[in-house]
Every structure is written in structure tokens, then in C-alpha cells.
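Protein chains in written order, with my numbering: chain A, 7 to 343; chain B, 2 to 203.
Backbone N, C-alpha and C fix where the C-beta goes; we use that ideal spot for every residue, glycine too.
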């Protein structure tokens with residue numbers, strides 16, 4: 007049993023702390039008996055809890071005092087100053103609650119270390135934080151993908167024919183073909199749309215900023231499109247239990263659509279280019295992946311062709327808490343046929 | 002914007018998933034002297050019920066009364082590490098039969114959770130078996146006690162937190178019966194709704 011109690015109070019209790027700023031406060035050690043602690047440690051922690059299992063990560067710790075001696079019946083105060091993490095911000099969703107905590111711990115030999123933790127609100131940073139924008143480019147060659155799909159389908163059909171004498175082989179072939187079509191949906195779509203190039207100006211963005219999106223399509227023949235849409239989705243997902251008792255739930259936090267092109271005819275003679283800036287909605291839900299709890303942002307591009315499967319491309323975005331700043335435009339060009 | 006749940010006088014949603022270390026503290030059980038009974042020789046206590054009835058909660062509560070025991074989940078079980086001290090095995094039915102047999106030969110006393118009755122198997126290895134069904138003790142009063150304890154544990158300092166009224170709890174009991182997990186889930190989402198309302202989001 008520990009011989010002392012710890013408590014912690016912030017210099018400005020109740021005032022949100024901007025991400026990356028310093029948190030100041032005082033740790034009080036109250037001793038019931040003479041106590042000597044090897045160290046008094048203050049640690050910034052992020053806790054994800056709620057419907058799913060609880061996960062805690064440490065965002066760094068500081069030893070604020072060493073060789074602490076407190077006499078019985080007295081108390082001593084130790085001021086501290088630690089740097090708050092850059093994220094994630096304090097957040098409460100449907101399944102996940104993200105809390106930022108400062109934990110004080112006295113390292114006492116041969117006893118369970120007494121601890122005390124206090125929550126604080128981590129708010130958007132006051133100063134712009136430089137971030138690596140991590141642009142993304144993808145070029146899809148329709149002919150090459152189509153050939154691959156044809157080979158795959160031929161293998162499945164060949165296998166089905168070979169297994170024909172066996173019971174349930176037709177069912178297996180039907181399932182195989184269904185899977186091939188599902189996997190090859192984009193390839194079938196690209197058969198009509200031709201080569202497609204996509205560029206995202208950034209995959210690591212701040213909430214409130216925009217992601218420049220460029221799509222270039224070079225159809226083999228004239229093709230009518232319904233629309234080209236970019237969708238931003240944010241989902242929280244939590245898992246509880248383990249093993250066979252594991253359950254995962256996910257909830258959509260937001261979903262916003264930006265229309266790049268609303269119908270039209272694509273001319274095979276020259277590549278068709280559509281550009282737009284997709285805004286990332288302002289939200290405290292930043293990208294987080296903490297064991298059983300995660301918040302994911304995804305940008306999905308969809309090219310809808312009437313009477314034909316849609317061509318889609320999804321890319322996960324890393325949304326970080328930061329003040330808005332400008333991002334350069336995304337440029338992409340198709341290589342020669 | 003205040004911290005999540007601060008407007009409700011709480012630190013967090015009281016009905017979220019509780020870490021293993023705190024489950025025993027928040028559990029409302031009538032284990033009585035089960036811990037002492039287990040220590041009395043080659044004895045096995047099985048918590049037998051379908052999923053979501055509180056078997057693991059009972060096992061974790063038992064762990065608090067038996068600090069010398071070893072609590073292990075089926076997926077983390079290492080047969081070589083099983084010793085003569087009491088083994089508290091969660092989801093015993095998920096362990097392969099031959100590994101279970103090795104555990105039963107090595108362990109001195111066993112407490113386990115399972116939705117499948119393992120009495121015959123345990124007797125075969127010389128255990129005196131006692132079976133507990135947590136769902137049998139799940140009454141509206143027990144539900145009320147669990148809710149009160151959870152809300153108290155989540156209370157922010159000395160604030161007065163909201164608590165579901167008896168009529169709501171009775172209605173939940175009528176709806177979900179002994180399925181404690183489904184009941185606590187319903188309460189979790191009810192509190193999420195309250196939190197959203199407190200923030201003016203609904």
C-alpha cells in the first residue's frame with residue numbers, strides 16, 4: 007500500500023489547451039508516512055474509450071523531480087510543464103470518446119506506484135503546423151487491366167469446366183464468376199472509359215482545408231457520363247471483446263459530396279480533364295488508429311456511366327488537427343497511349 | 002466547449018466497455034465465499050451461460066478476491082505457464098480439448114467461463130465441480146445496482162450525474178431479460194443521446 011497520495015491541478019483549469027502548447031500545473035504529494043520516491047513523473051496520455059475496448063497511448067513523459075522525500079503528515083508541491091500532444095483533439099462521437107490526460111506517478115520502490123490523472127481539453131493548435139502533404143497519383147491503363155481480368159476469368163471458367171463432373175461444381179463456378187466480376191468491376195468500367203489518371207494534391211490534410219483533385223479520362227470512343235463525384239466520408243469504428251466474442255461497430259460521422267462533372271459526352275480525340283477542390287469539413291474528429299478504436303477519413307471518386315458499372319477509386323486521408331493553410335494544386339497528365 | 006460528458010456531471014459514458022482491471026470493482030455479484038471454496042482443494046467453479054450474461058464479469062470479480070490466482074483468456078493461454086495456483090480461464094470452451102486436458106492436470110483449482118457445460122470433463126480430471134449461472138441472479142434490482150454503481154464510478158468529482166429511473170430500467174429488463182450486455186448497450190446509446198442533447202446537437 008502506498009504511503010502517499012498524489013493530486014494534480016492545472017494552472018488554468020477548464021481552459022482548452024491548444025495542441026502542441028505547454029501545459030503547466032502543480033502536482034501535490036501528501037504523505038501519510040515518511041516517503042521517498044525515486045522520481046515524480048508526469049505523462050501526457052491519450053485515451054480512447056466508449057463502446058469498444060479502452061486503448062491508451064503515451065505522448066511522452068517527463069521526470070519533474072528525483073529523490074523526492076516527504077515527511078509524514080506533510081505535503082509538498084511540484085510544479086510541472088509538459089508539452090501537449092499535436093493530436094488527436096478531445097472528441098466525443100457515437101462510439102468513441104477521445105480524452106487527453108495528464109498523469110502524475112510517484113516511482114516508489116517495492117510498492118504499487120501512487121498515480122493521479124486529470125483530463126484536459128485539447129483544442130486546435132494556435133499556430134499553423136507544417137505538414138507533409140503526401141500527394142497521391144494513380145494511373146489506370148484500361149487495356150492492361152482488361153487483359154488481366156480476361157485471363158483471370160478464363161482461369162475460373164477453365165477450372166469450372168475441369169471440375170464439371172463433381173457435384174456443386176456449377177455453383178462453385180457461379181460464385182467464382184461473381185467474385186471475378188466484383189473484383190473486376192472497375193476494369194469493366196474502365197473498358198468503356200479508357201485510361202484514367204487521378205491525382206490528389208494531399209492525403210495528409212487539416213480539417214477545414216481542401217484536397218485538390220484532378221481526374222483525366224481518355225476514352226477509346228465517345229462515351230456519355232452521368233456525373234463524376236468526389237465523396238468525403240468520416241467513420242468511427244470500435245471493437246469490443248476478443249477472440250470469438252469480438253464485435254465491431256462503425257458509425258458514419260459525416261459524408262459530403264462534391265460534384266466535379268454533372269453529365270456530358272467525352273470526346274475520344276483529346277483527354278478529358280476535371281479538376282476541383284474537395285473541402286474537408288471542419289471537425290474535431292481527426293484520423294486516429296488506436297487498437298480497438300479508429301476514426302478514418304476516406305475520399306472516394308466515382309465516375310458514373312449510364313447502363314454500365316461505376317468506376318470508383320478510394321483513398322484514405324489522414325486528417326490532422328491544424329490551422330488551415332494553403333495547399334498547392336494537384337496536376338496529373340496521362341502518358342501517351 | 003466543455004469536456005465530453007462534463008455537462009452531465011460525468012467523466013465518460015458510464016455504460017461503455019470497462020477495462021479488465023476495473024470490471025471487478027464495478028461488478029455487482031453474489032460470489033460470497035466462492036474464492037475460499039475454490040482454495041479448499043481440487044475444485045472447479047464454472048460460470049455457465051450464453052454470451053452477454055456476465056460470466057467474464059463474475060470471473061474478474063472473483064480475481065479481485067483471489068490475488069494469487071492467474072486470470073487468462075483462452076487466446077492467451079500458455080499451457081506451460083499453468084501452475085498449481087488457481088487458474089481463472091475465460092472462454093474455456095475455445096481452448097482445444099487436449100490443451101484443456103493438460104491445463105486440468107496441471108492446475109490446482111480452476112474457475113472458468115463457458116456457454117457449454119464442462120462438468121463431465123472436469124469430474125474426469127478429479128475436480129469437485131460447482132456451476133454458477135450469472136443470469137439466474139440478474140434481476141431488476143441487480144440491474145438497478147449495476148446502473149447505480151456504473152454512474153457513480155463515472156461521476157465527475159461530486160457532481161450529480163443523471164441516472165435512469167426505475168421505470169426505464171424495468172422496461173429494459175422486460176425487453177432484454179437476462180441479456181446484460183444488450184441492456185448495457187441500450188443504456189450506452191441512451192447516454193450518448195443525452196450527451197448529444199446536452200451539446201445541442203439533437
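Burial state of residue i (16 or more Cβ within 10 Å)
i: residue 172 of chain A; result: exposed
i: residue 275 of chain A; result: exposed
i: residue 231 of chain A; result: buried
i: residue 334 of chain A; result: For residue 334 of chain A, the pLDDT reaches just 49, beneath the cut-off of 50, and the residue's location in the model is therefore unreliable, although a value from the coordinates is still provided. Label assigned to residue 334 of chain A: exposed.
i: residue 199 of chain A; result: buried
i: residue 166 of chain B; result: exposed
i: residue 265 of chain A; result: exposed
i: residue 99 of chain B; result: exposed
i: residue 307 of chain A; result: buried
i: residue 51 of chain B; result: exposed
i: residue 174 of chain A; result: exposed
i: residue 26 of chain B; result: exposed
i: residue 157 of chain A; result: exposed
i: residue 57 of chain A; result: buried
i: residue 320 of chain A; result: exposed
i: residue 171 of chain B; result: exposed
i: residue 30 of chain B; result: buried
i: residue 110 of chain A; result: buried
i: residue 129 of chain A; result: buried
i: residue 1 of chain A; result: Any question about residue 1 of chain A goes unanswered here, given that chain A covers just 7 to 343.
i: residue 21 of chain A; result: exposed
Nearest to residue i (by Cα), restricted to the options the options
i: residue 138 of chain B; options: B/43, B/54, B/69 and B/128; result: B/54
i: residue 103 of chain B; options: B/88, B/115 and B/35; result: B/88
i: residue 309 of chain A; options: A/280, A/235 and A/299; result: A/235
i: residue 327 of chain A; options: A/13, A/19 and A/23; result: A/23
i: residue 279 of chain A; options: A/285, A/286 and A/270; result: A/270
i: residue 144 of chain A; options: A/221, A/119, A/194 and A/100; result: A/221
i: residue 243 of chain A; options: A/139, A/297 and A/192; result: A/297
i: residue 110 of chain B; options: B/173, B/193 and B/128; result: B/128
i: residue 67 of chain A; options: A/88, A/106, A/115 and A/282; result: A/88
i: residue 90 of chain A; options: A/102, A/165, A/26 and A/40; result: A/26
i: residue 173 of chain B; options: B/154, B/148, B/19 and B/193; result: B/148
i: residue 77 of chain B; options: B/62, B/86 and B/97; result: B/97
i: residue 44 of chain A; options: A/73, A/33, A/284 and A/19; result: A/73
i: residue 229 of chain A; options: A/255, A/147 and A/313; result: A/313
CB contact check: residue i to chain B, cutoff 7 Å
i: residue 269 of chain A; result: no
i: residue 98 of chain A; result: yes
i: residue 124 of chain A; result: no
i: residue 332 of chain A; result: The predicted position of residue 332 of chain A is uncertain, since its pLDDT is 43 and thus under 50; no value can be drawn from it.
i: residue 127 of chain A; result: yes
Min CB distance residue i to chain A below 7 Å
i: residue 5 of chain B; result: yes
i: residue 17 of chain B; result: yes
i: residue 203 of chain B; result: In this prediction, residue 203 of chain B has a pLDDT of 46, which is less than 50 and means its spatial position is unreliable; nothing more can be read from the coordinates.
i: residue 20 of chain B; result: yes
i: residue 104 of chain B; result: no
i: residue 88 of chain B; result: no
i: residue 13 of chain B; result: yes
Contacts that residue i makes with chain C (C-beta to C-beta distance below 7 Å)
i: residue 180 of chain B; result: The structure shown has no chain C; the protein chains it does contain are A and B.
Of all the beta strand (DSSP E) runs that stay within the bounds of the stretch 156 to 213 of chain A, which reach a length of 3 or more residues?
201 to 206 and 210 to 212
Selection of the stretch 103 to 117 of chain A by Cβ proximity to chain B, strictly under 7 Å:
103
Mind listing which residues of the stretch 35 to 69 of chain A have their C-beta closer than 8 Å to chain B's C-betas, in chain order?
55, 56, 57, 58, 59 and 60
Looking at chain A, which residues of the stretch 186 to 197 of chain B have a Cβ within less than 7 Å of any of its Cβ atoms?
189, 193 and 196
Runs of 3 residues minimum, wholly inside the stretch 69 to 148 of chain A: which ones carry the beta strand (DSSP E) assignment?
81 to 89, 102 to 113, 121 to 126 and 142 to 146
What residues from the stretch 46 to 66 of chain B come within 7 Å of chain A, judged by C-beta to C-beta, listed N to C?
52
By the 9 Å beta-carbon criterion, what residues does the stretch 131 to 148 of chain B contribute toward chain A?
none
What alpha helix (DSSP H) runs, 4 residues minimum, are completely inside the stretch 79 to 123 of chain B?
98 to 107
Along the chain, which unbroken stretches of the beta strand (DSSP E) at least 3 residues long are found entirely within the stretch 33 to 74 of chain B?
44 to 49 and 71 to 74
What are the residues of the stretch 66 to 87 of chain B that lie near chain A, defined by any Cβ-Cβ distance shorter than 7 Å?
74, 75 and 76
At a CB distance below 8 Å, what residues from the stretch 92 to 123 of chain B approach chain A? Give them in sequence order.
92 and 95
Which runs of the alpha helix (DSSP H) fall wholly inside the stretch 284 to 336 of chain A and span at least 4 residues, in chain order?
none
For the stretch 235 to 273 of chain A, which segments carrying the beta strand (DSSP E) assignment without a break, of at least 3 residues, lie completely within its bounds, in sequence order?
253 to 267 and 270 to 272
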